[in-house]
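Protein chains: 2
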Amino acid sequence: MTTETAQTLHPGTQTVTVDTGRERYDIVIGHGLLALPQCWAGLPRAAQAVVVSNATIAPLWAARLVQALQPHYCQVTVIELPDGEAHKDWPALNAIFDHLLTHGADRKTVLFALGGGVVGDITGFAAGCYMRGVPFVQVPTTLLAQVDSSVGGKTAINHALGKNMIGLFYQPQCVVCDLDTLQTLPQREFIAGLAEVIKYGPIADEGFLGWIEHHLDDLLAREPGALAHAIRRSCEIKAQVVGQDEKEGGLRAILNFGHTFGHAIESGLGYGQWLHGEAVGCGMRMATDLSVRLGLLPPEALQRMHQLLVRAGLPVRAPDLGADCYLQWMGRDKKAEAGEVRFVVLQAMGRAAVQGAPDEVVRQVLQAAVRVDALA
Amino acid sequence: MTTETAQTLHPGTQTVTVDTGRERYDIVIGHGLLALPQCWAGLPRAAQAVVVSNATIAPLWAARLVQALQPHYCQVTVIELPDGEAHKDWPALNAIFDHLLTHGADRKTVLFALGGGVVGDITGFAAGCYMRGVPFVQVPTTLLAQVDSSVGGKTAINHALGKNMIGLFYQPQCVVCDLDTLQTLPQREFIAGLAEVIKYGPIADEGFLGWIEHHLDDLLAREPGALAHAIRRSCEIKAQVVGQDEKEGGLRAILNFGHTFGHAIESGLGYGQWLHGEAVGCGMRMATDLSVRLGLLPPEALQRMHQLLVRAGLPVRAPDLGADCYLQWMGRDKKAEAGEVRFVVLQAMGRAAVQGAPDEVVRQVLQAAVRVDALA
Numbered sequence: 002m003t004t005e006t007a008q009t010l011h012p013g014t015q016t017v018t019v020d021t022g023r024e025r026y027d028i029v030i031g032h033g034l035l036a037l038p039q040c041w042a043g044l045p046r047a048a049q050a051v052v053v054s055n056a057t058i059a060p061l062w063a064a065r066l067v068q069a070l071q072p073h074y075c076q077v078t079v080i081e082l083p084d085g086e087a088h089k090d091w092p093a094l095n096a097i098f099d100h101l102l103t104h105g106a107d108r109k110t111v112l113f114a115l116g117g118g119v120v121g122d123i124t125g126f127a128a129g130c131y132m133r134g135v136p137f138v139q140v141p142t143t144l145l146a147q148v149d150s151s152v153g154g155k156t157a158i159n160h161a162l163g164k165n166m167i168g169l170f171y172q173p174q175c176v177v178c179d180l181d182t183l184q185t186l187p188q189r190e191f192i193a194g195l196a197e198v199i200k201y202g203p204i205a206d207e208g209f210l211g212w213i214e215h216h217l218d219d220l221l222a223r224e225p226g227a228l229a230h231a232i233r234r235s236c237e238i239k240a241q242v243v244g245q246d247e248k249e250g251g252l253r254a255i256l257n258f259g260h261t262f263g264h265a266i267e268s269g270l271g272y273g274q275w276l277h278g279e280a281v282g283c284g285m286r287m288a289t290d291l292s293v294r295l296g297l298l299p300p301e302a303l304q305r306m307h308q309l310l311v312r313a314g315l316p317v318r319a320p321d322l323g324a325d326c327y328l329q330w331m332g333r334d335k336k337a338e339a340g341e342v343r344f345v346v347l348q349a350m351g352r353a354a355v356q357g358a359p360d361e362v363v364r365q366v367l368q369a370a371v372r373v374d375a376l377a
Numbered sequence: 002m003t004t005e006t007a008q009t010l011h012p013g014t015q016t017v018t019v020d021t022g023r024e025r026y027d028i029v030i031g032h033g034l035l036a037l038p039q040c041w042a043g044l045p046r047a048a049q050a051v052v053v054s055n056a057t058i059a060p061l062w063a064a065r066l067v068q069a070l071q072p073h074y075c076q077v078t079v080i081e082l083p084d085g086e087a088h089k090d091w092p093a094l095n096a097i098f099d100h101l102l103t104h105g106a107d108r109k110t111v112l113f114a115l116g117g118g119v120v121g122d123i124t125g126f127a128a129g130c131y132m133r134g135v136p137f138v139q140v141p142t143t144l145l146a147q148v149d150s151s152v153g154g155k156t157a158i159n160h161a162l163g164k165n166m167i168g169l170f171y172q173p174q175c176v177v178c179d180l181d182t183l184q185t186l187p188q189r190e191f192i193a194g195l196a197e198v199i200k201y202g203p204i205a206d207e208g209f210l211g212w213i214e215h216h217l218d219d220l221l222a223r224e225p226g227a228l229a230h231a232i233r234r235s236c237e238i239k240a241q242v243v244g245q246d247e248k249e250g251g252l253r254a255i256l257n258f259g260h261t262f263g264h265a266i267e268s269g270l271g272y273g274q275w276l277h278g279e280a281v282g283c284g285m286r287m288a289t290d291l292s293v294r295l296g297l298l299p300p301e302a303l304q305r306m307h308q309l310l311v312r313a314g315l316p317v318r319a320p321d322l323g324a325d326c327y328l329q330w331m332g333r334d335k336k337a338e339a340g341e342v343r344f345v346v347l348q349a350m351g352r353a354a355v356q357g358a359p360d361e362v363v364r365q366v367l368q369a370a371v372r373v374d375a376l377a
């Protein structure tokens, strides 16, 4: 899709371009996009399209998307996966392959990931492997997916021994963020998505952090103008980072701020107990605390993060899994190398770096995190 | 590994370079390579290496490879998969992931595929997906793997509904063909591998076809000089084709000469009844027959292919699965587009092309193939 096409779609539609050097694609952000046939006109030609969604999202949005795709493909089918992080696994992935093969999908078939991060990650992985790669499009319907997981080409499924352990870097043809879909999102999921929006402030843009603090009530009320700005700015930062480091050789790792602790929470509790964004929210507080304890940040920075997370309704007290359990899960993090856990830390508000940390300091962070008082 | 390193390994060691434009690596061909520590000196540094092999090959060759790797990695472990095409599936792939995760393998861990085409395909796929990609090395121990499957970065597992349906293009760091490993290969497997050597003649080099016809007895006796030449020339042709078309946009499909029919034989009979090379041998005869019936080749060309395949000990009569069964399996071939089956045909001996064919001509080929007399 060209920028010109996107801007003729609806007034106010915005475009952010991701350019990894090897691939280039647009993130289109606007209202009512999903149901517009012209939104899908610029994609690769194929005999068929397959919409991958889940049991929650499909009843709300799949029919509109299918109708908008029908002018472009002879056959459009929908596969519904079970909803939830617990199903980001091989059986769900294989259900997509079964659907594709029984429907005679060929090497040109285009997949559409209609849903949140789980649907996007698993559909992207399926597209990357089916017949060694078919095109796919991200149509994220959650805030978390729109600002984070749908952009940048990370795809994966979980393994019993670790989250996102099996996957690919595989870029979509484009990302279409229809803001209307956010209006049907349950509040808990919406707030979880805000954690990934907030993330972009501390790691890359203190000004954006200030904007979020100032407009948090508008965001929580899902005010369209505030949402559009927050999503565009988040996508811009993500696109800039991914453009410099597609495969997480270095810089890209800063996008995992809060994720090393967060993944340990998710894994330790069992996938699906906490939402990913909730775990990341709590993990960002822990990573900020770590940065303070390492002498990188003044204590006021922790206070600032803490207050914003609490105002947003995100959890700040970590579940008491025991420090050894945390350390064990963090040792399995993909950023770990030869057993050493690597953390994303803040060198200042708006500037992140990746480094190791002494075990005893990490233990202090863990011990403090399970005793955090939200009202402190 | 640099060419200079390779050539200091053993007298007579030869190198063929694959250059896809995005990646560049060497195929090293020689004697006693596997057990030489200096053969593995140029690979990416890592804390650990994992050798993936199978229950047949590991007892013969794994200890030598492990010993040669130990100077370069703190930890070298071996995982043995069950042997055979029937196990080129998700459970075997997941067994590799289990091994990697329980051994704390990180994003730098190097995998070594020690075995035939099944081990190479599945290990390459595992390497491409584990933590979104770790380096791997092909150490093919069968003739088929040395001349074909280990070169070019095609990796895959089978799906119940089709062969190699789930996979990646993922290039190895290098390919090390130790000619000594061919001496322990059962004759049936060796002959199956010859089918892929023979293939390079009709599709790309009539002179090489003549050389094979002239040296077939030496090859069947596994005479080292003849083997070394056949493998080097096969790898050169494959490297040239893959270098021009890594992802099978066009030219690369010619490497599948005989494979559309061959895959239908393998799938129709159930994986593992015929060896892959046997099915390809029979399939090449069928594809040559198709080329003759389409008026592209004179009937003498079919006679020539037939005689060579019979002399090599490859099957020329197709199993009688029924034409509908063949057509159904061929319709699922990855080269099929929007239901139309695409065949690799010969426009002359030494020149291949990809095209469709009328159903009735394909049916004539199928009907004739099940009545072929090897002595004709």
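Note that the protein sequences, when read in sequence, are chains D and E. Heads up: the first sequence runs through residues 2 to 377, numbered per the numbering used here. Heads up: the second sequence runs through residues 2 to 377, numbered per the numbering used here. Using N, Cα and C, we set each Cβ at its ideal position, and we do this for glycine too. Treat the numbers as computed from the prediction; the structure is a model and nothing was measured.
**OP:** List the residues of chain E that D:Leu131 touches, going by C-beta distances under 8 Å, in chain order.
**Re:** Contrary to the premise, residue 131 of chain D reads as Tyr rather than Leu in this sequence. The contacting residues are Met166, Ile167.
Original post:
Taking Cβ-Cβ distances shorter than 9 Å, what residues in chain D pair up with E:Lys335?
Top reply: Asp107, Arg108, Met132, Arg133
**OP:** Give the interface partners of E:Trp91 over in chain D, defined as CB-CB distance under 8 Å, in chain order.
**Re:** Trp91, Asn95
**OP:** Determine whether the Cβ of E:Leu102 lies closer than 7 Å to any Cβ atom of chain D.
**Re:** yes
Original post:
Smallest Cα separation from E:Gly271: which of E:Glu24, E:His88, E:Arg23?
Top reply: E:His88
**OP:** Could you work out which residues of chain D lie near E:His160, taking near to mean beta carbons separated by less than 7 Å?
**Re:** Phe98, Leu102
Subject >> Those residues which DSSP pairs with E:Gly168 across a bridge >> reply: E:Ala157
Original post:
Beta-carbon of D:Gly1 versus every beta-carbon of chain E: anything under 7 Å?
Top reply: Only positions 2 to 377 of chain D appear in the structure, and residue 1 of chain D is not among them; the question remains open.
**OP:** Residues of the segment 274-304 of chain E with a CB closer than 9 Å to any CB of chain D: list them in chain order, please.
**Re:** none
Original post:
What residues of chain D sit near E:Phe170, judged by a beta carbon separation below 9 Å?
Top reply: Arg133, Gly134
**OP:** Can you tell me which of the three DSSP states E:Gln274 falls into?
**Re:** coil
Original post:
Where do the ends of the beta strand (DSSP E) carrying E:Val140 lie?
Top reply: 137-141
Original post:
Thinking C-alpha only, which one of D:Leu328, D:Asp374, D:Gly273, D:Leu367 is nearest D:Gly118?
Top reply: D:Gly273
Original post:
How would you list, in chain order, the residues of chain E whose beta-carbon sits under 8 Å from the beta-carbon of D:Ala157?
Top reply: Arg133
Original post:
D:Val198 to D:Gln76, Cα distance in whole Å?
Top reply: 37 Å
**OP:** Could you give the DSSP three-state label for E:Thr16: helix, strand or coil?
**Re:** strand
Original post:
D:His215: buried (16+ other C-beta within 10 angstroms of its C-beta) or exposed?
Top reply: exposed
Subject >> Status (buried if at least 16 other CB within 10 Å, exposed otherwise) for D:Gln68 >> reply: exposed
**OP:** Kindly indicate which residue of D:His307, D:Ala319, D:Leu347, D:Ala353 has the alpha-carbon position closest to the one of D:Leu376.
**Re:** D:His307
Original post:
Does E:Gly211 get closer than 7 Å to chain D when you measure Cβ to Cβ?
Top reply: no
Subject >> Residue environment, D:Thr103, which counts as buried when at least 16 other CB atoms sit within 10 Å >> reply: exposed
Original post:
Going straight from the alpha carbon of D:Gln15 to that of D:Asp27, what length do you get?
Top reply: 10 Å
Original post:
D:Gly116: which of D:Leu82, D:Leu367, D:Pro173, D:Ala254 sits nearest, CA to CA?
Top reply: D:Leu82
Subject >> Contacts that D:Gly163 makes with chain E (C-beta to C-beta distance below 7 Å) >> reply: Leu102
**OP:** Could you check the C-alpha separation between D:Lys335 and D:Ile266 for me, to the nearest Å?
**Re:** 15 Å
**OP:** Jot down the residue ranges of each uninterrupted alpha helix (DSSP H) in the segment 310-354 of chain E, minimum 4 residues, whole runs only, in chain order.
**Re:** 324-332
Original post:
Between the C-alpha atoms of E:Arg333 and E:Ala161, what's the straight-line distance to the nearest angstrom?
Top reply: 12 Å
Original post:
If E:Ile30 and E:Cys178 are in contact, beta carbons under 8 Å, what's the gap, nearest whole angstrom?
Top reply: 5 Å
**OP:** Look up D:Gly226 in the DSSP assignment and say whether it is helix, strand or coil.
**Re:** helix
**OP:** Quick one: grab the DSSP three-state call for E:Gly163.
**Re:** strand
Original post:
Can you tell me whether D:Leu10 is buried or exposed, with buried defined as 16 or more other CB within 10 angstroms of its CB?
Top reply: buried
**OP:** Would you kindly work out how many angstroms separate the C-alpha atoms of D:Leu34 and D:Thr156, rounded to a whole number?
**Re:** 24 Å
Original post:
By DSSP, does E:Ile97 sit in helix, in strand, or in coil?
Top reply: helix
**OP:** Would you mind listing the alpha helix (DSSP H) stretches within the segment 55-110 of chain E that are 4+ residues and don't spill past its ends, in chain order?
**Re:** 64-70, 91-103
Original post:
Is E:Ala114 helix, strand or coil when you go by DSSP?
Top reply: strand
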